[in-house]
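K.L.:
Numbering (our numbering), first residue to last: 29 to 428.
Glycine included, C-beta positions come from ideal geometry on N, C-alpha and C.
There's a structure below that I have some questions on.
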Amino acid sequence: MPVLPRQRLLTTLLVLWAFAFTSWRALRGPNDFALAHWLLDYRLGFIKRGLLGSFTSAATAGRPTESGLVIASFVLFMISSAALLYALLQLAARGRSAGATLLALVLAGSPLVVMHAHLVGYLDGVVIAMTVGAVALALRGRTAAGAVIMAVSVLVHETTLVVGLPAFLFAAHRRGGNLRRALAPSLGVFALVAAAQALQSATVVREAITLRLAPVPWLDAVIRESLPVWLTDSFLENLRQCADGLWSRALWAVAPVLVAPTALAAFGQAWPALGSRRDAAFFAAVCAVPQVTHLFAWDGPRLWTWSLFAALLAAWVVAATAAAPVRGDEAAASRWGRPLGLAFLAVLLLNLWFTIPLMDGQFDHLARSQRLLLHLPVLAYASFRAWRRPSGAVAEIRVF
Numbered sequence: 029m030p031v032l033p034r035q036r037l038l039t040t041l042l043v044l045w046a047f048a049f050t051s052w053r054a055l056r057g058p059n060d061f062a063l064a065h066w067l068l069d070y071r072l073g074f075i076k077r078g079l080l081g082s083f084t085s086a087a088t089a090g091r092p093t094e095s096g097l098v099i100a101s102f103v104l105f106m107i108s109s110a111a112l113l114y115a116l117l118q119l120a121a122r123g124r125s126a127g128a129t130l131l132a133l134v135l136a137g138s139p140l141v142v143m144h145a146h147l148v149g150y151l152d153g154v155v156i157a158m159t160v161g162a163v164a165l166a167l168r169g170r171t172a173a174g175a176v177i178m179a180v181s182v183l184v185h186e187t188t189l190v191v192g193l194p195a196f197l198f199a200a201h202r203r204g205g206n207l208r209r210a211l212a213p214s215l216g217v218f219a220l221v222a223a224a225q226a227l228q229s230a231t232v233v234r235e236a237i238t239l240r241l242a243p244v245p246w247l248d249a250v251i252r253e254s255l256p257v258w259l260t261d262s263f264l265e266n267l268r269q270c271a272d273g274l275w276s277r278a279l280w281a282v283a284p285v286l287v288a289p290t291a292l293a294a295f296g297q298a299w300p301a302l303g304s305r306r307d308a309a310f311f312a313a314v315c316a317v318p319q320v321t322h323l324f325a326w327d328g329p330r331l332w333t334w335s336l337f338a339a340l341l342a343a344w345v346v347a348a349t350a351a352a353p354v355r356g357d358e359a360a361a362s363r364w365g366r367p368l369g370l371a372f373l374a375v376l377l378l379n380l381w382f383t384i385p386l387m388d389g390q391f392d393h394l395a396r397s398q399r400l401l402l403h404l405p406v407l408a409y410a411s412f413r414a415w416r417r418p419s420g421a422v423a424e425i426r427v428f
């Protein structure tokens with residue numbers, strides 16, 4: 029077997045290995061908060077987050093069952109997992125260097141994947157899948173098609189505007205696309221949702237949602253009573269509520285510390301290929317903007333991991349759009365390759381050591397010793413690549 033296919037196969041298997049066992053740390057079935065969103069559709073009014081429920085209602089003739097929604101939630105989890113793996117493998121392949129491969133392994137074992145497995149059934153999975161698809165289209169020069177996907181994703185969940193849209197715009201920018209045209213559909217859809225909230229009677233819509241959830245026997249009573257209020261509060265009212273205790277909630281369990289090493293690793297890998305301060309600032313903004321979600325959501329550790337999703341997409345975009353290295357860049361890559369590789373190895377170990385705070389009283393399924401043991405193949409390969417002296421970008425292109 030030639031070196032190129034063998035190396036790709038090994039990288040693919042290790043990324044899959046890391047992703048699978050990292051997912052196992054927090055994998056669970058969907059909770060009632062997630063399942064309740066699948067029960068709501070546009071027959072109740074032009075409500076925010078009503079698109080997925082509308083598809084569900086059409087597919088089940090308006091009679092979804094709990095078991096059916098659980099199955100659908102795991103199907104969505106498999107789709108979003110495939111999207112994340114596609115982005116990770118694209119990063120490793122397009123980066124054409126040991127650093128890109130190591131970063132893909134770091135991200136595959138990061139809090140992003142832990143939290144993704146913890147949120148089976150959440151609308152987050154749809155946002156992930158649609159954003160990855162939109163970024164892939166933008167990188168192929170099909171910005172208009174990607175913009176339509178992002179606009180539809182806003183109907184699924186409004187966090188698309190700060191979680192996925194910046195990375196899509198970064199991809200369009202790096203491919204020379206028109207940013208205004210890329211941005212306009214998503215902003216237009218969000219404006220429609222906001223206008224509908226302002227024009228519809230919140231009381232009427234709230235009552236309609238309450239009546240829809242009331243006859244569902246398996247739904248938690250707290251969710252049945254609270255969700256109609258949460259979904260009909262205006263964006264400004266939601267902002268006012270979340271302002272109380274913002275900092276203590278955002279810093280709960282020191283979640284920024286758990287995310288920062290991986291985010292910095294992504295920025296460090298992308299830095300040599302960014303090409304300008306403007307693009308470096310754009311990259312940093314893509315990773316930082318998702319934290320705006322703390323202003324209108326409560327589950328801090330989950331929100332911090334959104335920056336790692338953005339960092340994955342931004343690093344993939346840079347790898348896919350980087351110019352061919354010149355001789356001076358090859359020398360710099362050779363000089364800094366080993367220190368950067370060792371830094372990635374350290375971040376990989378930190379991700380295995382850290383215990384990610386979960387929701388609903390849940391805890392990590394694996395002890396630290398089990399995590400380290402299960403990731404031994406990944407650690408062995410990462411150690412080899414980190415210590416190996418780079419021979420320049422041209423040699424790396426032959427490998428990948």
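Verify whether the separation of the beta carbon atoms of LEU116 and ALA132 is less than 8 angstroms.
P.N.:
Closer than 8 angstroms, so yes.
K.L.:
On the DSSP letters alone, give me the boundaries of the alpha helix (DSSP H) that LEU130 sits inside.
P.N.:
Residues 126 to 136.
K.L.:
Assign GLN297 to one of two classes, buried (16 or more other C-beta atoms within 10 Å of its C-beta) or exposed (fewer than that).
P.N.:
GLN297 is buried by the Cβ-count criterion.
K.L.:
Specify, as a first and last residue, the run of the alpha helix (DSSP H) that TYR409 falls within.
P.N.:
404 to 415 is the span of the alpha helix (DSSP H), which, as asked, contains TYR409.
K.L.:
Is the shortest distance between the beta-carbon of ALA374 and the beta-carbons of chain B less than 8 angstroms?
P.N.:
Looking at the structure shown, chain B is missing, and only one protein chain is on hand.
K.L.:
Could you check how far apart the C-beta atoms of VAL142 and ILE384 are, in whole angstroms? I think they sit under 8 angstroms.
P.N.:
About 5 angstroms separates the two Cβ atoms, so the contact holds.
K.L.:
Would you kindly work out how many angstroms separate the C-alpha atoms of ALA294 and ALA173, rounded to a whole number?
P.N.:
If you take the alpha carbons of ALA294 and ALA173, they lie about 27 angstroms apart.
K.L.:
What three-state label does DSSP hand VAL244 in the structure shown?
P.N.:
If DSSP states are grouped into helix, strand and coil, VAL244 belongs with coil.
K.L.:
Going by DSSP in three states, GLY356 sits in which element: helix, strand or coil?
P.N.:
Model confidence at GLY356 stands at a pLDDT of 46, short of 50, so the residue's coordinates are unreliable; what they give is reported in the following sentence. Helix, per DSSP.
K.L.:
In whole angstroms, give me the CA-to-CA distance for LEU373 and VAL244.
P.N.:
Using only the alpha carbons, I get a separation of about 49 angstroms.
K.L.:
Going by C-alpha distance, which of ALA350, SER335, LEU255 is nearest HIS201?
P.N.:
Of the candidates ALA350, SER335, LEU255, the one whose C-alpha sits nearest the C-alpha of HIS201 is ALA350.
K.L.:
Looking at the secondary structure, which residues open and close the alpha helix (DSSP H) in which ALA64 lies?
P.N.:
Run containing ALA64: 60 to 65, per the alpha helix (DSSP H) assignment.
K.L.:
Based on Cα-Cα distance, which residue from ARG168, ALA157, PHE198 lies nearest to VAL180?
P.N.:
Measuring from the Cα of VAL180, the nearest candidate turns out to be ALA157.
K.L.:
Check whether the Cβ atoms of TRP45 and VAL406 lie closer than 8 angstroms to each other.
P.N.:
Closer than 8 angstroms, so yes.
K.L.:
Cβ of LEU336 within 8 angstroms of Cβ of LEU135?
P.N.:
The answer is yes: Cβ separation under 8 angstroms.
K.L.:
Compare the Cα-Cα distances from LEU72 to each of VAL233, PRO33, ALA145 and report the closest residue.
P.N.:
The residue with the shortest Cα to Cα distance from LEU72 is VAL233.
K.L.:
Counting along the chain, where does the alpha helix (DSSP H) carrying PHE74 start and finish?
P.N.:
Segment: none, PHE74 is in no alpha helix (DSSP H) and carries neither H nor E.
K.L.:
Of the choices ARG209, ALA309, PHE198, VAL184, whose alpha-carbon is the least far from that of LEU16?
P.N.:
A question about residue 16 goes unanswered here, because the residues of the chain that appear run from 29 up to 428.
K.L.:
Suppose the cutoff is 6 angstroms on Cβ atoms and the five residues either side in sequence are ignored; what does the same chain contact list for ASP248 look like?
P.N.:
Cβ within range, chain order: ASP60.
K.L.:
Would you give the residue range spanned by the alpha helix (DSSP H) that TYR114 belongs to?
P.N.:
Per DSSP, TYR114 belongs to the alpha helix (DSSP H) from 94 to 123.
K.L.:
Classify GLY169: buried if its beta carbon has 16 or more other beta carbons within 10 angstroms, exposed otherwise.
P.N.:
So GLY169 ends up on the exposed side.
K.L.:
Smallest Cα separation from THR333: which of ALA145, ALA164, TRP275, GLY90?
P.N.:
The candidate whose alpha carbon is nearest that of THR333 is ALA145.
K.L.:
Count Cβ pairs between the stretch 310 to 328 and the stretch 260 to 277 that sit closer than 8 angstroms; are there 3 or more?
P.N.:
Yes, the stretch 310 to 328 touches the stretch 260 to 277.
K.L.:
When you compare each of VAL285, VAL43, GLY216, SER138 to LEU377 by their alpha carbons, which one comes out closest?
P.N.:
For LEU377, the nearest C-alpha among the options comes from SER138.
K.L.:
According to DSSP, is PHE439 helix, strand or coil?
P.N.:
Since the first residue shown for the chain is 29 and the last is 428, residue 439 is missing from the structure and cannot be characterised.
K.L.:
State the Cα-Cα distance for the pair THR39 and ALA128, rounded to the nearest angstrom.
P.N.:
Approximately 11 angstroms between the Cα atoms of the pair.
K.L.:
What does a CB cutoff of less than 7 angstroms around ALA230 pick up in its chain, not counting 5 residues either side in sequence?
P.N.:
Only THR260 meet the Cβ criterion.
K.L.:
For a test of the three-state rule: what should DSSP assign to GLY204, helix, strand or coil?
P.N.:
Residue state, collapsed to three classes: coil.
K.L.:
In this structure, does DSSP put TRP334 in helix, strand or coil?
P.N.:
Of the three classes helix, strand and coil, the one that applies to TRP334 here is helix, per DSSP.
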